[in-house]
Amino acid sequence: MSNESSSKPVAHSANDQIVFWGCFVALIATSFAFISRMYLCDVRFGADFGIDKVTIGALKGAGVWPFAISIILFSLIIDRIGYRVAMFFSFACYVVYLIMACMAYGAIQVPDGADPAALAAAQAKGYSLLYWGSIILGLGNGTVEAFINPVVATMFSNEKTKWLNILHAAWPGGLVIGGIITILMGSIAKEGDWRIVLGIIAIPAIAYLLMLATAQFPKSERESAGVSYREMLGEFGAFGALVGFGLIFMQLGEVIPQVADFKWAFIAVCTLIVTVIFGVYTQSLGRGIMAFLIIIMMPLAVTEIGTDGWISGLMEEPMKAAGQDAGWVLVYTSAIMMVLRFFAGPIVHKTSPIGLLTISAVLAIAGLFALSRCGNAGLGAIFVAATLYGFGKTFFWPTMLGVTAEQCPKGGALTL
Numbered sequence: 005m006s007n008e009s010s011s012k013p014v015a016h017s018a019n020d021q022i023v024f025w026g027c028f029v030a031l032i033a034t035s036f037a038f039i040s041r042m043y044l045c046d047v048r049f050g051a052d053f054g055i056d057k058v059t060i061g062a063l064k065g066a067g068v069w070p071f072a073i074s075i076i077l078f079s080l081i082i083d084r085i086g087y088r089v090a091m092f093f094s095f096a097c098y099v100v101y102l103i104m105a106c107m108a109y110g111a112i113q114v115p116d117g118a119d120p121a122a123l124a125a126a127q128a129k130g131y132s133l134l135y136w137g138s139i140i141l142g143l144g145n146g147t148v149e150a151f152i153n154p155v156v157a158t159m160f161s162n163e164k165t166k167w168l169n170i171l172h173a174a175w176p177g178g179l180v181i182g183g184i185i186t187i188l189m190g191s192i193a194k195e196g197d198w199r200i201v202l203g204i205i206a207i208p209a210i211a212y213l214l215m216l217a218t219a220q221f222p223k224s225e226r227e228s229a230g231v232s233y234r235e236m237l238g239e240f241g242a243f244g245a246l247v248g249f250g251l252i253f254m255q256l257g258e259v260i261p262q263v264a265d266f267k268w269a270f271i272a273v274c275t276l277i278v279t280v281i282f283g284v285y286t287q288s289l290g291r292g293i294m295a296f297l298i299i300i301m302m303p304l305a306v307t308e309i310g311t312d313g314w315i316s317g318l319m320e321e322p323m324k325a326a327g328q329d330a331g332w333v334l335v336y337t338s339a340i341m342m343v344l345r346f347f348a349g350p351i352v353h354k355t356s357p358i359g360l361l362t363i364s365a366v367l368a369i370a371g372l373f374a375l376s377r378c379g380n381a382g383l384g385a386i387f388v389a390a391t392l393y394g395f396g397k398t399f400f401w402p403t404m405l406g407v408t409a410e411q412c413p414k415g416g417a418l419t420l
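In the working numbering, the protein residues as written are 5 to 420.
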């Protein structure tokens with residue numbers, strides 16, 4: 005395993021460059037899916053499917069929480085099935101999602117003046133299709149993360165934090181491009197055929213499929229170093245299993261109606277079983293640094309993805325008062341992230357990862373607090389607050405991945 009701080013950059017083959025940019029485009033596909041769906045949740049789905057804001061929140065979450073399931077489960081097996089299989093699975097998820105979304109649109113096309121009961125039934129059917137399609141989308145997005153992070157960490161093992169930051173410029177880059185496209189298609193999103201808006205995901209999805217279908221993926225760093233599967237699981241350990249699978253079973257307990265009457269027993273028993281299996285098999289509680297990273301990653305992820313999912317809706321009234329689309333706030337903060345992540349190298353080398361995370365946390369807190377006070381503020385105040393938030397959230401995700409890759413190299417795809 006290489007020491008990032010003391011290693012010199014090395015040349016990479018044309019195949020490595022294709023794989024890197026294919027992974028970059030794959031991450032753009034996840035952000036296209038994220039912003040188009042969130043925008044429609046805010047401006048259209050409530051009326052089309054006859055759902056309230058609580059149900060809209062559940063629909064938004066359906067595209068996010070499965071991410072955790074697929075990224076953990078695929079990370080357990082990705083070294084055995086290969087990165088290419090994971091890539092094809094993610095593409096298949098996007099195809100199924102678009103098909104189900106189109107079916108949902110078709111289900112709610114009832115004639116004007118239709119019986120209210122028939123309309124309600126059509127809306128319920130359409131919502132169910134869109135909800136389960138969103139879950140499949142979330143699985144696809146998580147699978148993308150499950151293969152791109154270990155691929156890039158392996159190819160650029162001498163400069164992991166730098167290149168993971170550049171890779172993750174694709175997320176805000178996709179939010180900027182996808183956000184602009186979505187906002188420019190605002191009239192279609194609000195009044196027309198919203199399948200066209202959701203369909204923008206097909207552009208990057210097909211692109212990364214073509215780029216990666218025949219490319220040669222690297223052998224994982226864990227395998228190259230001769231680290232066993234048991235050792236990899238040992239880095240995660242019983243504590244990692246307790247937290248990771250505990251959160252998964254908590255979410256499943258919320259969405260599986262059959263366990264509603266004994267939800268907490270279901271969560272406790274399932275989590276205990278998996279934790280014990282991990283502990284017995286690995287004979288490890290997990291590395292201390294890994295436990296620390298797991299704990300702090302949760303609020304960091306919520307700060308970025310959770311806020312991004314709701315920021316357009318939260319800023320809708322003040323932005324409307326200023327005569328602007330609320331989606332521009334997310335586009336603006338994402339543009340800041342994209343630029344800073346592309347030029348992460350000098351920043352990463354001038355400060356420690358922990359120092360960078362601390363500075364980011366302070367700026368993010370200040371930005372979120374300022375945004376919460378923008379209810380009656382003007383356009384300038386909104387974007388000043390958004391600037392603080394944009395700077396603050398920029399380095400959370402990729403820096404955490406870089407630290408994990410450096411500190412827990414034996415953990416491979418699982419710890420990432």
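Even glycine gets a Cβ: it sits at the ideal position worked out from N, Cα and C.
None of these values were measured; they are calculated from a predicted model.
When the distance is taken between beta carbons, is residue 69 closer than 9 Å to residue 262? As a first step, residue 262 is located in the sequence shown; it is residue number 258 there, counting from the start. As a first step, residue 69 is located in the sequence shown; it is residue number 65 there, counting from the start. Judged by beta-carbon spacing, residue 69 lies beyond the 9 Å limit of residue 262, meaning their Cβ atoms are not closer than that value.
For residue 74, does the three-state DSSP call read helix, strand or coil? Stepping through the sequence shown from its first residue, residue 74 is reached at position 70. Helix at residue 74.
Tell me whether the beta-carbon of residue 35 lies closer than 9 Å to the beta-carbon of residue 178. Mapped onto the sequence shown, residue 35 falls at position 31. Mapped onto the sequence shown, residue 178 falls at position 174. With respect to residue 178, residue 35 sits close: the two C-beta atoms are nearer than 9 Å.
Is the segment 83 to 99 touching the segment 138 to 156, taking contact as three or more C-beta pairs under 8 Å? yes
Enumerate, from N- to C-terminal direction, the unbroken alpha helix (DSSP H) stretches of 4 or more residues contained entirely within the segment 307 to 360. Scanning the segment 307 to 360 from its first residue to its last, the whole alpha helix (DSSP H) runs of 4-plus residues come out as 311 to 318, 320 to 325, 331 to 346 and 348 to 354.
For residue 173 versus residue 49, is the C-beta distance shorter than 9 Å? Along the sequence shown, one-based indexing puts residue 173 at 169. Along the sequence shown, one-based indexing puts residue 49 at 45. Not in contact: residue 173 and residue 49 (Cβ atoms no closer than 9 Å).
Backbone CA spacing between residue 252 and residue 117 [nearest angstrom]: To locate residue 252, count along the sequence shown from 1; it is residue 248. To locate residue 117, count along the sequence shown from 1; it is residue 113. One C-alpha to the other measures close to 43 Å.
What three-state label does DSSP hand residue 397 in the structure shown? Taking the sequence shown and counting its residues from 1, one reaches residue 397 at position 393. If DSSP states are grouped into helix, strand and coil, residue 397 belongs with the helices.
Would you mind giving the Cβ-Cβ distance between residue 189 and residue 200, rounded to the nearest angstrom? I have them listed as a contact below 8 Å. In the sequence shown, the residue the question calls residue 189 occupies position 185. In the sequence shown, the residue the question calls residue 200 occupies position 196. With a Cβ gap of about 7 Å, residue 189 and residue 200 count as contacting.
Where residue 240 sits in the DSSP three-state scheme: Numbered from its first residue, the sequence shown carries residue 240 at position 236. It is helical.
Is it true that the segment 234 to 243 meets the segment 287 to 294, where meeting means three or more beta-carbon pairs spaced less than 8 Å apart? A contact exists between the segment 234 to 243 and the segment 287 to 294.
How many Å lie between residue 195 and residue 264 at the Cα? Position 191 of the sequence shown, counting from 1, holds the residue named residue 195. Position 260 of the sequence shown, counting from 1, holds the residue named residue 264. Looking at the two C-alpha atoms, the distance is approximately 37 Å.
Using DSSP with H/G/I as helix, E/B as strand and the rest coil, what is residue 17? On the sequence shown, residue 17 is found 13 positions in, with the first residue counted as 1. Three-state DSSP puts residue 17 in coil, outside helix and strand.
Which runs of the alpha helix (DSSP H) fall wholly inside the segment 71 to 120 and span at least 4 residues, in chain order? 87 to 111
Take residue 184 as the anchor and find which of 218, 137, 365 and 334 has the nearest alpha-carbon. Within the sequence shown, the letter at position 180 stands for residue 184. Nearest of 218, 137, 365 and 334 to residue 184, Cα basis: 334.
Does residue 159 pass the burial test, meaning 16 or more other C-beta atoms within 10 Å, or should it be called exposed? Reading the sequence shown from its first residue, position 155 is the one you call residue 159. When all chains shown are included, residue 159 counts as buried.
Nearest-angstrom Cα separation, counted from residue 364 out to residue 243: Within the sequence shown, the letter at position 239 stands for residue 243. Within the sequence shown, the letter at position 360 stands for residue 364. So the two alpha carbons sit approximately 27 Å from each other.
Decide yes or no for the touch test of the segment 130 to 138 against the segment 48 to 65: beta carbon pairs closer than 8 Å, at least 3 of them. yes
Rounded straight-line distance, which links the Cα of residue 326 to that of residue 144: For this step, residue 144 is matched to residue 140 along the sequence shown. For this step, residue 326 is matched to residue 322 along the sequence shown. Residue 144 and residue 326: Cα-Cα distance of roughly 37 Å.
Per DSSP, what kind of secondary structure is residue 148 in: helix, strand or coil? Looking up residue 148 in the sequence shown gives position 144. DSSP places residue 148 in helix when its eight states are reduced to three.
Is the segment 204 to 216 close to the segment 367 to 387, with three or more CB pairs under 8 Å? They do not touch, by the three-pair rule.
Simplified DSSP state of residue 66, which is helix, strand or coil: Stepping through the sequence shown from its first residue, residue 66 is reached at position 62. Three-state result, residue 66: helix.
Distance, residue 331 Cα to residue 191 Cα: Within the sequence shown, residue 191 is the residue found at index 187, counting from 1. Within the sequence shown, residue 331 is the residue found at index 327, counting from 1. Straight-line Cα distance between these residues: approximately 14 Å.
Report the option in 315, 338, 23 and 67 whose CA atom is closest to the CA atom of residue 175. Here the question's residue 175 lines up with position 171 in the sequence shown. Considering only alpha carbons, the answer is 338.
Residues near residue 307 by beta carbon distance below 7 Å, same chain, minus five either side: By one-based count along the sequence shown, residue 307 stands at place 303. Excluding positions up to five away in sequence, the list reads 368, 397 and 400.
Where does residue 268 fall in DSSP's three states? Within the sequence shown, residue 268 is the residue found at index 264, counting from 1. Helix, per DSSP.
When 133, 102, 128 and 120 are compared against residue 108, the one with the closest alpha-carbon: Taking the first residue of the sequence shown as position 1, residue 108 is located at position 104. Checking every option, the nearest Cα to that of residue 108 belongs to 133.
Span of the alpha helix (DSSP H) holding residue 289? Taking the sequence shown and counting its residues from 1, the one referred to as residue 289 is at position 285. Run containing residue 289: none; DSSP gives neither H nor E here.
Where the alpha helix (DSSP H) containing residue 53 begins and where it ends: Taking the first residue of the sequence shown as position 1, residue 53 is located at position 49. 50 to 53 is the extent of the alpha helix (DSSP H) around residue 53.
Residues near residue 402 in its chain [Cβ-Cβ closer than 6 Å; skip 5 each side]: Taking the first residue of the sequence shown as 1, we reach residue 402 at position 398. 168, 169 and 172.
Can you check whether the CB of residue 67 is closer than 9 Å to the CB of residue 142? One-based indexing of the sequence shown puts residue 142 at position 138. One-based indexing of the sequence shown puts residue 67 at position 63. Result yes, Cβ atoms of residue 142 and residue 67 sit closer than 9 Å.
Going by other Cβ atoms of all chains shown within 10 Å of its Cβ, with 16 needed for buried, is residue 47 buried or exposed? As a working mapping, residue 47 is identified with position 43 in the sequence shown. Label assigned to residue 47: buried.
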